[in-house]
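One structure is given below, encoded as C-alpha cells.
Residue numbers (my numbering): 113 to 400.
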C-alpha cells in the first residue's frame with residue numbers, strides 16, 4: 113500500500129475540511145484544525161488549495177498539511193495513524209526534498225503532532241525543536257458566563273469594522289474586506305463565527321473568529337485580537353469568553369487556542385477567561 117502525496121485543488125478543499133473535522137476529538141492532542149484552513153481561506157480558494165497537501169492510501173486521506181508559509185508545513189494525521197511508519201517515512205521524505213513540492217530549500221519547519229512518528233523520524237534525521245507554543249483549552253460542558261460587554265456576531269455589512277479591528281490589533285495585518293468575504297465564502301466558515309466586542313461608547317474594541325469542527329468536537333479560536341487603542345481594560349478576556357460561548361452554541365465540546373510561549377499577555381488573557389494550559393507544542397526545523 114503506497115502513500116501518495118497530492119494537492120487537492122479547489123474542488124477537493126471541502127473534502128479536506130471534512131476530514132480535518134473528523135480527526136478532531138477530545139484528548140487527541142493539538143494539530144491542524146479545519147479552522148486553520150478556514151482562516152487561511154481569506155487569501156481565496158485557489159491560493160488555499162495551492163497551500164494544502166494530502167497524503168493518501170488507497171484513495172483515503174490519512175494526513176493533511178497546510179503550508180502556512182513556503183518554509184512551514186503544519187500537519188494533521190488521521191487517528192490511529194500517528195505511529196504509522198510508512199506514512200511517517202513518506203511525509204519526512206517529502207518534507208526533505210524540495211522537488212516534491214512541499215517545502216522550499218534552506219531552513220524549513222514541520223509542525224507535526226507531538227510525539228507522532230513524524231516527529232521521531234525528524235529528530236533521528238537531525239532536525240531540531242523550535243520555540244514552544246502554548247495551547248489552551250476550556251471545557252464547554254457547562255454554560256459560559258456573560259462576557260460583561262456587548263458582543264455581536266459579524267454580518268457581511270459589518271465586515272469593514274471586523275477587518276479594521278484586526279488591522280488595529282496586529283501590526284502588519286493585511287486583513288481587508290475582500291479577504292473577509294473570501295474567508296466567509298469558504299467551506300470551513302459554515303461552522304464558524306466572527307464576533308465583535310464593543311465598549312460603552314459603541315466603539316469596536318476586540319474581535320475574534322471561532323471555528324467548529326462539528327458537534328461534540330473541539331472548536332478553535334483563530335484569531336483573537338484587541339484594538340491597540342483599547343488594551344488594558346479586560347476586552348481580551350471578554351471577547352475570549354464570548355468566543356467560548358459561541359463555540360458552545362455551535363456544539364463544540366471544548367474551545368482550543370494556541371499562542372507563542374513568549375506571548376505572556378495572551379497567556380494571561382486566556383487564563384483569565386477560564387482556559388487551562390495543555391502541554392506545549394514545538395515545530396521542528398532543519399537548518400539551511
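A virtual CB, placed ideally from N, CA and C, is assigned to each residue, including glycine.
| query | result |
| --- | --- |
| Proximity below 8 Å, CB of residue 338 to CB of residue 316 | no |
| Which residues DSSP lists as bridging residue 372, in chain order | 245 |
| 3-residue-minimum beta strand (DSSP E) runs that sit fully inside the region 133-193, ordered along the chain | 164-169, 172-181 and 184-189 |
| Range covered by the beta strand (DSSP E) that runs through residue 223 | 220-223 |
| Test item: CB-CB of residue 379 and residue 278 under 8 Å | no |
| Separation of residue 340 from residue 228, as counted between CA atoms | 38 Å |
| With 16 other Cβ atoms within 10 Å as the buried cut-off, status of residue 376 | exposed |
| Beta-carbon gap between residue 398 and residue 220 smaller than 8 Å | yes |
| The region 182-202 touching the region 154-162, judged by at least three CB pairs closer than 8 Å | no |
| Beta-carbon proximity check, residue 372 vs residue 243, cutoff 8 Å | yes |
| Buried or exposed by the 16-neighbour rule on C-beta atoms within 10 Å, applied to residue 137 | exposed |
| Continuous alpha helix (DSSP H) assignments of at least 4 residues falling wholly in the region 273-345 | 289-296 |
| Short Cβ contact (8 Å threshold) for residue 174 with residue 128 | no |
| DSSP state of residue 359 mapped onto helix, strand, coil | helix |
| Residue 442 versus 386, 240, 306 and 182, residue with shortest Cα-Cα distance | Residue 442 lies beyond the residue range present for the chain, which begins at 113 and ends at 400; the question has no answer from this structure. |
| Proximity below 8 Å, CB of residue 331 to CB of residue 308 | no |
| N- and C-terminal bounds of the alpha helix (DSSP H) containing residue 236 | 229-236 |
| CB contact flag (residue 369, residue 248, <8 Å) | yes |
| Cβ-based burial, residue 145 [other Cβ within 10 Å; buried from 16] | buried |
| Beta-carbon proximity check, residue 265 vs residue 357, cutoff 8 Å | no |
| Contact check, residue 381 vs residue 344, beta carbons under 8 Å | no |
| Among 225, 254, 250 and 251, the one whose alpha carbon lies nearest that of residue 241 | 225 |
| Buried or exposed (CB count within 10 angstroms, at least 16 for buried), residue 327 | exposed |
| Rounded distance between the beta-carbons of residue 167 and residue 132, thought under 8 Å | About 13 Å; that fails the 8 Å criterion. |
| Range covered by the alpha helix (DSSP H) that runs through residue 200 | 197-208 |
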